[in-house]
Amino acid sequence: DELPYFEEVFADGSRCGKGPDAVARTTVVRYFCDPESYAEDPAQQTFRSIESFEEVTECVYKATIRLPELCLHPAFSHLVGSISADSSQASSIDCIPESDVTAALSK
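With the numbering used here, letter number 14 in the sequence shown gets 18, and the count goes up by one each step, no holes.
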């Protein structure tokens, strides 16, 4: 099961090959939240890493980068549990005991 990621595509790079058939290089960079190295205290975070860089097809490259900071983004925060980075986006949930609901409905 692959983790979700943010992707950037860098196209129109230097020419790959020789002559009239040379094509522009393309690199796809995938940034992953790294739940293993994430810590709410930045001083406790382990490290950012380039996990891999490979040529997936001729003249097309893929880089995989792990960033603990990406875990702070709302799209990735579920990977590390409850993160209190930006409480301004938090929603409050008001709960009442089931017995109070039942009593209110029976009136």
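By construction, the Cβ of each residue, glycine as well, lies at the ideal position given by its N, Cα and C atoms.
Item, Value
"Taking C-alpha atoms, which residue in 53, 20, 22, 36 lies nearest to residue 10?", "36"
"Could you check if residue 74 is buried or exposed, using at least 16 other CB atoms within 10 Å of its CB as the buried criterion?", "buried"
"How about residue 80 and residue 8: are their beta carbons less than 8 Å apart?", "yes"
"Go to residue 57, then tell me how far its beta strand (DSSP E) extends in each direction, as first and last residue.", "53 to 61"
"Which whole-angstrom value is the C-beta distance of residue 29 and residue 17, which I expect to be below 8 Å?", "3 Å"
"So, for residue 39: in the same chain, excluding its five sequence neighbours on each side, which residues have a beta-carbon less than 7 Å away from its beta-carbon?", "75, 83, 84"
"Sort 77, 63, 72 by Cα distance to residue 31 and report the nearest one.", "63"
"Closest to residue 20 by C-alpha separation, out of 72, 65, 101, would be which residue?", "65"
"Does the beta-carbon distance from residue 55 to residue 68 come in below 8 Å?", "yes"
"Please name the residue, chosen from 12, 6, 78, 27, that lies closest to residue 61 on a Cα-to-Cα basis.", "27"
"Would you identify the three-state DSSP class for residue 7, choosing helix, strand or coil?", "coil"
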